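Numbering (this note's numbering), first residue to last: 2 to 308.
Cβ coordinates follow ideal geometry from the N, Cα and C atoms, glycine included.
Just so it is clear, the structure is predicted and the values come from calculations on it, not from any experiment.
The structure appears right after this line, and notes come after that.
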Amino acid sequence: MGSTMEPPGGGYLHLGAVTSPVGTARVLQLAFGCTTFSLVAHRGGFAGVQGTFCVAAWGFCFALSGLVVACEFTRLHSCLHLSWGNFTAAFAMLATLLSATAAVIYPLYFTRLECPPEPAGCAARDFRLAASVFAGLLFLAYAAEVALTRARPGQVASYMATVSGLLKIVQAFVACIIFGALVYDSRYGRYVATQWCVAVYSLCFLATVAVVVLSVTGHTGGLGCPFDRLVVVYTFLAVLLYLSAAVIWPVFCFDPKYGEPGRPPDCPRGGCFWDSQLVVATFTYVNLLLYVADLAYSQRIRFVPPL
Numbered sequence: 002m003g004s005t006m007e008p009p010g011g012g013y014l015h016l017g018a019v020t021s022p023v024g025t026a027r028v029l030q031l032a033f034g035c036t037t038f039s040l041v042a043h044r045g046g047f048a049g050v051q052g053t054f055c056v057a058a059w060g061f062c063f064a065l066s067g068l069v070v071a072c073e074f075t076r077l078h079s080c081l082h083l084s085w086g087n088f089t090a091a092f093a094m095l096a097t098l099l100s101a102t103a104a105v106i107y108p109l110y111f112t113r114l115e116c117p118p119e120p121a122g123c124a125a126r127d128f129r130l131a132a133s134v135f136a137g138l139l140f141l142a143y144a145a146e147v148a149l150t151r152a153r154p155g156q157v158a159s160y161m162a163t164v165s166g167l168l169k170i171v172q173a174f175v176a177c178i179i180f181g182a183l184v185y186d187s188r189y190g191r192y193v194a195t196q197w198c199v200a201v202y203s204l205c206f207l208a209t210v211a212v213v214v215l216s217v218t219g220h221t222g223g224l225g226c227p228f229d230r231l232v233v234v235y236t237f238l239a240v241l242l243y244l245s246a247a248v249i250w251p252v253f254c255f256d257p258k259y260g261e262p263g264r265p266p267d268c269p270r271g272g273c274f275w276d277s278q279l280v281v282a283t284f285t286y287v288n289l290l291l292y293v294a295d296l297a298y299s300q301r302i303r304f305v306p307p308l
């Protein structure tokens, strides 16, 4: 974590920020993000929660990518009280997940081969198709940055650039999907057991976010115990907690004694509690696997001071 600017003898502008492979990927992110956002805002259009999410994701990623490129190019990141390597690695992984989700949702809900009715017409269809293509390219640009900056075996890198660090972002992202399904009429309050599952999701999410925040802010050295050991212990506990939720949630939602083993026939499409429960169950197992993989990888890394 830097605290001073470059020495007077060096250049103030860092051309490598835009000419290196990582810099090129970031420039492409700005180009594709601006194009996607412009196509949707101009004629493609969006509506509802799904469209708002896509536009918000593209806008957030574009703004943060612009900040990263500007700070790298002007070397101003050395003035920020952040672990810059951890920050850029965490943001690249988060942007990859957001752009991937938007690249799936927007074509699924808004893109059709046939022309919509006037006044939108075929022009709106063409803009939506183009926006879908550039949304996919935007995802590839962020994925390329993650691949280029990911720590290799034997390489000294920031914690968030390691597989374990990147998995933390994915775990938090999956937990957000679980929370969204819980809020959408999942009936989790009927049993103490399902409330326990919600507590598990919340506790693990908060702890994961805390690990990311401590890494990004460069405050991992003031915890009173080695950061890498603390993370391993937490990950082990998270595996046990998620394992309990992976057993309890399906039993109290899909067992005939407590819930519905199949989707009720009178349950409306798009507004059924059973669908929300199924989403929660599915992503509970996804996060359980992510925490197990995190625990396995965390045995192979050694933490170094923030970069």
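Which listed residue (Phe253, Phe274, Cys205) has its alpha carbon closest to that of Lys243:
Correcting the residue type first, residue 243 is Tyr in the shown sequence and not Lys. With distances taken between Cα atoms, Tyr243 lies closest to Cys205.
Chain-order list of residues whose beta-carbon lies under 8 Å from that of Val240 (same chain, five-residue window excluded):
Setting aside the 5 residues that flank it on each side, Val240 is surrounded in the same chain by Leu289, Tyr292, Val293, Leu296, each with a C-beta closer than 8 Å to its C-beta; the list follows chain order.
Does Ser84 come out as helix, strand or coil in the three-state DSSP assignment?
When DSSP states are grouped into helix, strand and coil, Ser84 belongs to the coil group.
Taking C-alpha atoms, which residue in Ser84, Ser299, Leu114, Leu139 lies nearest to Phe63?
For Phe63, the nearest C-alpha among the options comes from Leu139.
Contact under 8 Å by Cβ, Ser66 with Leu31
Taking 8 Å as the Cβ cut-off, Ser66 and Leu31 qualify as a contacting pair.
Helix, strand or coil at Leu114 according to DSSP, with G and I counted as helix
The answer is coil: DSSP assigns Leu114 none of H, G, I, E or B.
Evaluate contact between the segment 126-135 and the segment 203-217, counting only Cβ atoms and requiring at least three cross-stretch pairs below 8 Å.
Touching, no, given that fewer than three Cβ pairs across the two stretches are closer than 8 Å.
Go through its chain and collect everything with a Cβ distance to Gly3's Cβ below 6 Å, but skip five positions before and after it.
In this predicted model, Gly3 has a pLDDT of only 41, less than 50, meaning its place in the structure is not dependable; the value taken from the coordinates is given anyway. Its chain contains Ser79 as the residues whose beta carbon lies nearer than 6 Å to that of Gly3, once the 5 sequence neighbours on both sides are disregarded; these appear in chain order.
Where do the ends of the alpha helix (DSSP H) carrying Lys169 lie?
Secondary structure note for Lys169: its alpha helix (DSSP H) is the uninterrupted segment 164-184.
Among Cys35, Gln278, Arg44, Gln51, whose alpha-carbon lies nearest the alpha-carbon of Leu183?
For Leu183, the closest C-alpha among the options Cys35, Gln278, Arg44, Gln51 is that of Gln278.
Leaving out five residues before and five after His43 in sequence, what residues of the same chain have Cβ atoms less than 7 Å from its Cβ?
In the same chain as His43, and ignoring 5 residues on each side of it, the C-beta atoms closer than 7 Å to its own belong to Phe128, in chain order.
Helix or strand or just coil, what does DSSP make of Cys35?
In the structure shown, Cys35 adopts helical secondary structure according to DSSP, grouped into three states.
For a quick check, are the C-beta atoms of Thr218 and Ser84 less than 8 Å apart?
In contact: Thr218 and Ser84 (Cβ atoms closer than 8 Å).
Given Val70 as reference, the closest of Leu114, Leu109, Leu16 once Cα atoms are compared
Of Leu114, Leu109, Leu16, the residue nearest in Cα terms is Leu16.
Count the C-beta pairs between the segment 87-103 and the segment 134-150 that are closer than 8 Å, then say yes if the count reaches three, no if not.
Three or more pairs of CB atoms, one per stretch, sit closer than 8 Å, so the segment 87-103 contacts the segment 134-150.
Might you give, ordered along the chain, the residues of its own chain that have their beta carbon closer than 7 Å to the beta carbon of Val232, omitting 5 neighbours on each side?
Closer than 7 Å at Cβ, skipping near neighbours: Val212, Ser299.
Assuming the contact rule is C-beta atoms closer than 8 Å, Phe1 and Ala18 should be a hit. Round their C-beta distance to whole Å, please.
With the chain covering 2 to 308 only, the question about residue 1 has no answer from this structure.
Looking at the unbroken alpha helix (DSSP H) that takes in Ser299, where does it start and where does it end?
274-299 is the span of the alpha helix (DSSP H), which, as asked, contains Ser299.
C-alpha distance - His82 paired with Leu68, whole-angstrom precision:
Separation of His82 and Leu68 (C-alpha to C-alpha, rounded to the nearest whole angstrom) is 15 Å.
Quick test of your reading: Ala26 and Ala136, contact by CB under 8 Å. State the CB separation rounded to the nearest angstrom.
Not really, about 16 Å apart at Cβ, beyond 8 Å.
Since I believe Arg264 is in contact with Trp250 (beta carbons under 8 Å), could you give me their beta-carbon distance rounded to a whole number of angstroms?
17 Å between Cβ atoms; not a contact.
Is DSSP giving Asp267 helix, strand or coil here?
DSSP places Asp267 in the coil class of the three-state scheme, outside both helix and strand.
In whole angstroms, what separates the C-alpha of Ala202 from that of Ala176?
Sequence check: residue 202 is Tyr here, not Ala. Counting only the Cα atoms, Ala176 lies some 7 Å from Tyr202.
Reduced DSSP secondary structure (H/G/I, E/B, other) of Val262:
Just to set this straight, residue 262 is Pro in the shown sequence, not Val. In the structure shown, Pro262 sits in coil (DSSP, three-state: anything other than H, G, I, E or B).
Pick from Ala48, Gly45, Ala103: whose alpha carbon is nearest that of Phe61?
Considering only Ala48, Gly45, Ala103, the residue with the shortest C-alpha distance to Phe61 is Ala103.
Roughly how many whole angstroms lie between the Cα atoms of Ile106 and Pro269?
Distance from the CA of Ile106 to the CA of Pro269, rounded to the nearest whole angstrom, comes to 21 Å.
What's the call for Cys198, buried or exposed, on a 16-neighbour Cβ count within 10 Å?
Here Cys198 is buried. Its C-beta has 16 or more other C-beta atoms within 10 Å.
Would Gly86 and Ser159 be called neighbours here (beta carbons separated by less than 8 Å)?
In terms of Cβ geometry, Gly86 and Ser159 form a close pair [threshold 8 Å].
Apart from the five residues just before and just after Arg188, which ones in its own chain have a Cβ nearer than 7 Å to its Cβ?
Cβ neighbours of Arg188 beyond the five flanking positions: Phe274.
Out of Thr285, Phe237, Gly225, Gly45, state which residue places its alpha-carbon closest to the alpha-carbon of Phe111.
When only C-alpha atoms are compared, the closest one is Gly45.
Tell me whether Ala152 sits in a helix, a strand or coil according to DSSP, three-state version.
Under the three-state reduction of DSSP output, Ala152 falls in the coil class, being neither helix nor strand.
Please list the terminal residues of the continuous alpha helix (DSSP H) segment that includes Ala239.
It spans 228-255 - the alpha helix (DSSP H) in which Ala239 sits, taken as one unbroken run.
I need the straight-line Cα distance from Cys226 to Leu114, nearest angstrom please.
The alpha-carbon atoms of Cys226 and Leu114 are separated by roughly 58 Å.
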